[in-house]
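Novice: Encoded as structure tokens, here's the structure I'll be asking about.
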Amino acid sequence: MTPPQWGIVCRSGSAPVESIPLGRNLFRCHIYSLGQNFISPNYEPQNQRRLGVFSEPYEQFQLLGGSSWSSISIGIYKEVGNVKKPFTPPREVHVQVTHSMPPEKIAIFDSLRGWAEQNILVHLKPVEKCWQPTDFLPDPASEGFDEQVKELRERCKEIPDDYFVVLIGDMITEEALPTYQTMINTLDAVRDETGASLTPWAIWTRAWTAEENRHGDLLNKYLYLSGRVDMKQIEKTIQYLIGSGMMRSAMKQHIPRSNGAIMAIGDMMKKKISMPAHLMYDGKDDNLFEHFSAVAQRLGVYTAKDYADILEFLVVRWEVEKLTGLSSEGRRAQDYVCGLAPRIRKLEERAQARAKQRSPVPFSWIFGKEIKT
15 MTPPQWGIVC RSGSAPVESI PLGRNLFRCH IYSLGQNFIS PNYEPQNQRR
65 LGVFSEPYEQ FQLLGGSSWS SISIGIYKEV GNVKKPFTPP REVHVQVTHS
115 MPPEKIAIFD SLRGWAEQNI LVHLKPVEKC WQPTDFLPDP ASEGFDEQVK
165 ELRERCKEIP DDYFVVLIGD MITEEALPTY QTMINTLDAV RDETGASLTP
215 WAIWTRAWTA EENRHGDLLN KYLYLSGRVD MKQIEKTIQY LIGSGMMRSA
265 MKQHIPRSNG AIMAIGDMMK KKISMPAHLM YDGKDDNLFE HFSAVAQRLG
315 VYTAKDYADI LEFLVVRWEV EKLTGLSSEG RRAQDYVCGL APRIRKLEER
365 AQARAKQRSP VPFSWIFGKE IKT
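Residue numbers (my numbering): 15 to 387.
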């Protein structure tokens with residue numbers, strides 16, 4: 015085992031300006047206060063107060079006990095090796111919801127298995143009839159592969175940077191697919207209990223995941239070949255997002271009738287529906303998803319109007335306005351849900367007015383270029 019290495023740290027102003035390491039580069043060290051005394055490189059402090067721990071670069075030094083560099087004119091550092099810390103998600107969600115469905119509701123889903131087989135599984139397309147990412151990309155096995163890549167890059171030169179931002183954000187959302195399958199499998203009554211369950215709910219989840227996986231594969235390879243994006247930053251964002259997971263809001267328990275149904279819908283909409291990639295992070299921008307969404311909204315790719323249109327369609331499709339026999343709480347939920355789409359459209363108009371005053375935001379995905387949000 016290599017013995018600890020020591021060196022001198024000299025202070026000027028409020029930050030260290032010189033270090034004299036012994037042996038190899040030192041990246042994780044303990045700092046000891048030694049006042050104004052000159053220190054020999056071989057000196058090992060006895061009973062000296064440890065001020066803190068820092069990692070390279072020195073600007074990341076963290077002091078303990080409220081000390082500051084002003085108390086250190088000359089100090090020494092000691093290597094403590096690569097101290098491993100438990101992994102924690104970069105965008106940790108503190109509101110956690112666990113299984114909560116009562117047995118009588120699970121029984122309802124169990125009774126619907128036959129219906130699901132006849133009305134849901136029929137929409138799954140056989141693999142042999144599905145498109146695959148290579149159908150839309152240069153063929154790496156062909157002699158003209160290099161020329162095809164050149165043609166693709168030429169076409170990509172005409173695409174504005176803000177469209178690339180949206181394309182990248184969509185791709186990252188697709189690439190976090192493992193999180194979505196995991197999320198579905200937390201739901202009582204429909205989760206895949208064995209990993210290869212033959213219930214219609216489990217079959218649908220696996221097959222949907224397999225179909226959806228093609229989207230991320232296609233976009234990822236296209237962006238890689240384009241030469242217009244910083245793939246390492248994109249890959250880091252994907253890893254951050256999958257590691258962070260996603261959140262679902264707690265829903266109140268309601269009886270499975272029209273009164274309970276509209277109260278459940280109203281409760282869900284009041285808590286708001288989080289987009290799958292709302293914990294998106296690239297290691298730099300804490301508001302990355304909001305910035306990406308703002309660009310998508312400005313370009314008209316996915317807007318609050320689309321959200322309102324979907325909600326309005328479901329209100330009509332489920333005949334929410336025609337529900338009768340509701341309790342007072344049920345009627346309030348009915349009024350709230352039926353009036354939500356118009357309210358969203360008004361909020362969108364105000365948001366568009368505020369958006370004109372926003373400053374451009376840099377995106378690491380496209381090498382830090384600033385994009386209007």
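Glycine included, each C-beta is placed from N, C-alpha and C at the ideal position.
None of these values were measured; they are calculated from a predicted model.
Quick check: what's the CA-CA separation for Lys336 versus Met282?
Specialist: As a working note, residue 336 is residue 322 in the sequence shown. As a working note, residue 282 is residue 268 in the sequence shown. One C-alpha to the other measures close to 20 angstroms.
Novice: With distances taken Cα to Cα, identify the nearest neighbour of Thr187 among Leu233, Asp124, Pro100.
Specialist: Position 173 of the sequence shown holds residue 187. Selected option, being the one with the closest Cα: Leu233.
Novice: Report buried or exposed for Pro117, applying the criterion of at least 16 other Cβ atoms within 10 angstroms of its Cβ.
Specialist: Along the sequence shown, one-based indexing puts residue 117 at 103. Exposed is the call here.
Novice: Exposed or buried, which one is His10 when buried takes at least 16 other CB atoms within 10 Å?
Specialist: No statement about residue 10 is possible, as the shown extent of the chain runs from 15 to 387 and does not include it.
Novice: Use the C-beta contact count for Leu181: other C-beta atoms within 10 angstroms, 16 or more gives buried, fewer gives exposed.
Specialist: Position 167 of the sequence shown, counted from the first residue, corresponds to residue 181. Classification of Leu181: buried, given that the 10 Å Cβ count is 16 or more.
Novice: Can you list, in chain order, the residues of its chain with a C-beta nearer than 7 angstroms to that of Phe123? Leave out the 5 residues immediately preceding and following it.
Specialist: Stepping through the sequence shown from its first residue, residue 123 is reached at position 109. Around Phe123: Ala203, Val204.
Novice: Output needed for Ile198: all residues of its chain with C-beta closer than 6 angstroms, excluding positions within five of it in sequence on either side, in chain order.
Specialist: Working through the sequence shown from its first residue, we reach residue 198 at position 184. Cβ neighbours of Ile198 beyond the five flanking positions: Thr219.
Novice: Going by C-alpha distance, which of Glu189, Arg242, Leu239, Thr200 is nearest Glu225?
Specialist: Looking up residue 225 in the sequence shown gives position 211. Out of Glu189, Arg242, Leu239, Thr200, Glu189 has the C-alpha closest to the C-alpha of Glu225.
Novice: Is it right to say Thr193 is buried, meaning 16 or more other beta carbons lie within 10 angstroms of its own, or is it exposed?
Specialist: Mapped onto the sequence shown, residue 193 falls at position 179. Label assigned to Thr193: buried.
Novice: Give me the Cα-Cα distance between Met115 and Gly274, rounded to the nearest whole angstrom.
Specialist: Here residue 115 refers to the residue found at position 101 of the sequence shown. Here residue 274 refers to the residue found at position 260 of the sequence shown. Each residue's alpha carbon lies about 14 angstroms from the other.
Novice: Taking Gln253 as the reference, give the member of Asp296, Gly230, Leu212 with the closest Cα.
Specialist: Reading the sequence shown from its first residue, position 239 is the one you call residue 253. Comparing Cα-Cα distances from Gln253 to each of Asp296, Gly230, Leu212, the minimum goes to Asp296.
Novice: Please report the residue range of the beta strand (DSSP E) in which Ile385 lies.
Specialist: As a working mapping, residue 385 is identified with position 371 in the sequence shown. Per DSSP, Ile385 belongs to the beta strand (DSSP E) from 383-385.
Novice: So with Cβ pairs under 8 angstroms, would you call Ser240 a contact of chain B?
Specialist: The structure shown has no chain B; it contains just one protein chain.
Novice: What is the residue span of the alpha helix (DSSP H) that Pro116 lies within?
Specialist: Residue 116 sits at position 102 when you count from the first residue of the sequence shown. Note, Pro116: premise wrong, no alpha helix (DSSP H); not H, not E.
Novice: Compute the Euclidean distance between the alpha carbons of Leu302 and Ser240, then round it to the nearest angstrom.
Specialist: The residue given as residue 302 occupies position 288 in the sequence shown. The residue given as residue 240 occupies position 226 in the sequence shown. Rounded to whole angstroms, Leu302 to Ser240 spans 22 angstroms at the Cα level.
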